[in-house]
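Report on one structure; see the data block that follows.
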Amino acid sequence: MTEQISPSTLNMVDHEPYDIPLDKFDISQQALWAQDKKMEYFRRLRDEAPVHFCSDSEFGPYWSLTRYADILEVDKNWKDFSSEPAITIVDPEEDFPLPMFIAMDPPKHDEQRKTVQGAVAPVNLKALESTIRLRTQNVLSDLPVGEDFDWVDRVSIELTTQMLATLFDFPFEDRRKLTRWSDVATGGPETGVVESDEQRQEELLECLEYFTRLWQERAKKGASNDFISMLVHGEATKDMSPEEYLGNLILLIVGGNDTTRNSMTSGVIALNDNPGEYAKLRNNPMLIPNMVSEIIRWQTPLAHMRRIANRDYKLSGKTIKRGDKVIMWYLSGNRDERSIDRPDEFLIDRKQARQHLAFGFGPHRCMGNRLAELQLRILWEEIQKRFHFIEVTGVPELVPSNFVHGFVSLPVRLHPL
Amino acid sequence: MPTITYIEHDGTEHQVEAEVGATLMQSALDNGVPGIDGDCGGECSCATCHVMVKEDWTSTVGGPNDSEEEMLDLNPERLSNSRLSCQIEITEELDGLVVELPEFQF
Numbered sequence: 001m002t003e004q005i006s007p008s009t010l011n012m013v014d015h016e017p018y019d020i021p022l023d024k025f026d027i028s029q030q031a032l033w034a035q036d037k038k039m040e041y042f043r044r045l046r047d048e049a050p051v052h053f054c055s056d057s058e059f060g061p062y063w064s065l066t067r068y069a070d071i072l073e074v075d076k077n078w079k080d081f082s083s084e085p086a087i088t089i090v091d092p093e094e095d096f097p098l099p100m101f102i103a104m105d106p107p108k109h110d111e112q113r114k115t116v117q118g119a120v121a122p123v124n125l126k127a128l129e130s131t132i133r134l135r136t137q138n139v140l141s142d143l144p145v146g147e148d149f150d151w152v153d154r155v156s157i158e159l160t161t162q163m164l165a166t167l168f169d170f171p172f173e174d175r176r177k178l179t180r181w182s183d184v185a186t187g188g189p190e191t192g193v194v195e196s197d198e199q200r201q202e203e204l205l206e207c208l209e210y211f212t213r214l215w216q217e218r219a220k221k222g223a224s225n226d227f228i229s230m231l232v233h234g235e236a237t238k239d240m241s242p243e244e245y246l247g248n249l250i251l252l253i254v255g256g257n258d259t260t261r262n263s264m265t266s267g268v269i270a271l272n273d274n275p276g277e278y279a280k281l282r283n284n285p286m287l288i289p290n291m292v293s294e295i296i297r298w299q300t301p302l303a304h305m306r307r308i309a310n311r312d313y314k315l316s317g318k319t320i321k322r323g324d325k326v327i328m329w330y331l332s333g334n335r336d337e338r339s340i341d342r343p344d345e346f347l348i349d350r351k352q353a354r355q356h357l358a359f360g361f362g363p364h365r366c367m368g369n370r371l372a373e374l375q376l377r378i379l380w381e382e383i384q385k386r387f388h389f390i391e392v393t394g395v396p397e398l399v400p401s402n403f404v405h406g407f408v409s410l411p412v413r414l415h416p417l
Numbered sequence: 001m002p003t004i005t006y007i008e009h010d011g012t013e014h015q016v017e018a019e020v021g022a023t024l025m026q027s028a029l030d031n032g033v034p035g036i037d038g039d040c041g042g043e044c045s046c047a048t049c050h051v052m053v054k055e056d057w058t059s060t061v062g063g064p065n066d067s068e069e070e071m072l073d074l075n076p077e078r079l080s081n082s083r084l085s086c087q088i089e090i091t092e093e094l095d096g097l098v099v100e101l102p103e104f105q106f
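Spelled out as structure tokens, the structure:
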């Protein structure tokens, strides 16, 4: 290795995880994620440098937290660790800020969140359950048998997008626009989803334009239970700027889209990789609710959240300075054997499967967690009524992102009961 | 050991001999009382161990602490006698305590 290489120029994937000096570690590099090589690097960070400083990266300097307990301590401490101005490792674009409540601190966060929280509160989910089940049945009934097809497109995207369309009361025939806007919002030119930052901004402005029409429509009507109407009529949100409207829309779209979509795909892969667990599921469908939590832990569809320290803060022997960027790697914390028993095993009957980091903790904890669990539970209940085996027939293509931990495609073939 | 009664939303009662020093959340989990999740393991950071304290017990048990109030406040279904059971420590004084469980955890 040559001397004086900064972490941003040392290409992590070209080296083995234990061959790189820790001060050259940059776990954020996209190639590690695109090639699915990050887990061994995370293991070394957890063991040797659980609170790790990367002095230089594509995203500037940042701290990595990789152990469960450290992540929990920071996540719940919103007073010392701010969620502003953004919650991913990428800094906001100065000429295109997207304020959203997940990236605000209390009390403003609480006011805006409470405006829309009701749409996904458990009491409303009870009313949605039969709709979700019917749609799941329809999507599964339409799948081809005896030939390969893409599970991501036909099932995971389709089901999550239909759900989103319902939550927004969005024109159903245009629902794939939501998928596109979600992909564009979380990926820049580096992921290949758009050609340039300009194109990304243009597409997001189209999103704003579309939703502004819906805003105007809903403003003329009385309050109802969809997200747009709640924002239109909510005391804390009715006077939002267009940027803030767009920001919050993207939050709700991404929050309900990328996450559940990728858990829906991940479960199929995990069961293929663990035939013993698949057998347990076939023998005992009562395990499905527990399996759902295990799938969410296993996948951790949002790999990280970011905070900024509001003061100098001592954590596991290191001092995080005021103003420093702190990345909580949920994906790593969910594989930390200090807090989770046999974390590298996918166990659908795991004890305390609900105790995982994937939804975050503290005031920013995932608002749609119960909806996600409901969608996944119904999907697997309906799958088990129809199919003996969903066979993975090719290599899944990964999203090349250190934030959205998921899949572009997954070829499968169905084997009915 | 103090006796605690947890009443599920459908009216099913669970009487539990709770250990002094444990939390109300842990006592429920240890004794198989359904309807309490405790996803964060007692760190006051998930609000999935929500209970409602029976009216005649609210002054003995007391109200929520500051961080507990912050978490409870985000739940549209919280009531004035709502508490997070991970923040209530079992003492001899709580012998006979009755708490109700919500239909759904947050």
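From first to last, the protein sequence lines stand for chains A and B. Note that the first sequence covers residues 1 to 417 in my numbering. Note that the second sequence covers residues 1 to 106 in my numbering. Note that CB positions come from ideal geometry on N, CA and C, so glycine has one too. On a predicted model such as this, the values are computed, not experimentally measured, just so you know.
Since G362 (chain A) meets chain B, which of its residues come closer than 7 Å, beta carbon to beta carbon? S45
What whole-angstrom Cβ distance do L167 (chain A) and F227 (chain A) have, given they're in contact under 8 Å? 6 Å
Considering just the uninterrupted stretch of the beta strand (DSSP E) at V412 (chain A), what are its terminal residues? 411-416
Contact set for F104 (chain B): own chain, Cβ-Cβ below 7 Å, skip 5 residues either direction: none
Can a CB atom of chain A be found closer than 9 Å to the CB of M25 (chain B)? no
Out of A:G192, A:I132, A:K220, which has the shortest C-alpha to C-alpha gap to M163 (chain A)? A:I132
Using a beta-carbon distance cut-off of less than 9 Å, what residues from the stretch 115-143 of chain A approach chain B? Q117, G118, A121, P122, V123, L125, K126
P76 (chain B) CB to nearest chain A CB: under 9 Å? yes
Of all the alpha helix (DSSP H) runs that stay within the bounds of the stretch 263-289 of chain A, which reach a length of 4 or more residues? 275-283
L45 (chain A): first and last residue of the uninterrupted alpha helix (DSSP H) it sits in: 38-48
What's the call for F346 (chain A), buried or exposed, on a 16-neighbour Cβ count within 10 Å? buried
Sequence-distant residues of the same chain with beta carbon closer than 7 Å to R386 (chain A), five excluded per side: L140, P416, L417
Under DSSP, the alpha helix (DSSP H) around W181 (chain A) begins and ends at which residues? 176-186
When B:E93, B:D95, B:C86 are compared against A22 (chain B), the one with the closest alpha-carbon: B:C86
Using the Cβ count rule (16 or more neighbours within 10 Å means buried), how would you classify D30 (chain B)? exposed
Looking at chain B, is there any beta carbon in it that lies within less than 9 Å of the beta carbon of P289 (chain A)? no
Alpha-carbon spacing of T2 (chain A) relative to V254 (chain A), whole angstroms: Note that T2 (chain A) scores 42 on pLDDT, short of 50, meaning its location in the model is unreliable and no value can be drawn from it.
Quick one: using the 10 Å Cβ neighbour count with 16 as the cut-off for buried, is F96 (chain A) buried or exposed? exposed
Which residues does DSSP pair with A309 (chain A) in a beta bridge? A:F81
Does the CB of T48 (chain B) have a neighbour CB from chain A at under 9 Å? yes
Measuring CB atoms only, is the stretch 367-385 of chain A touching the stretch 281-296 of chain A, in the sense that at least three cross pairs come out at less than 8 Å? yes
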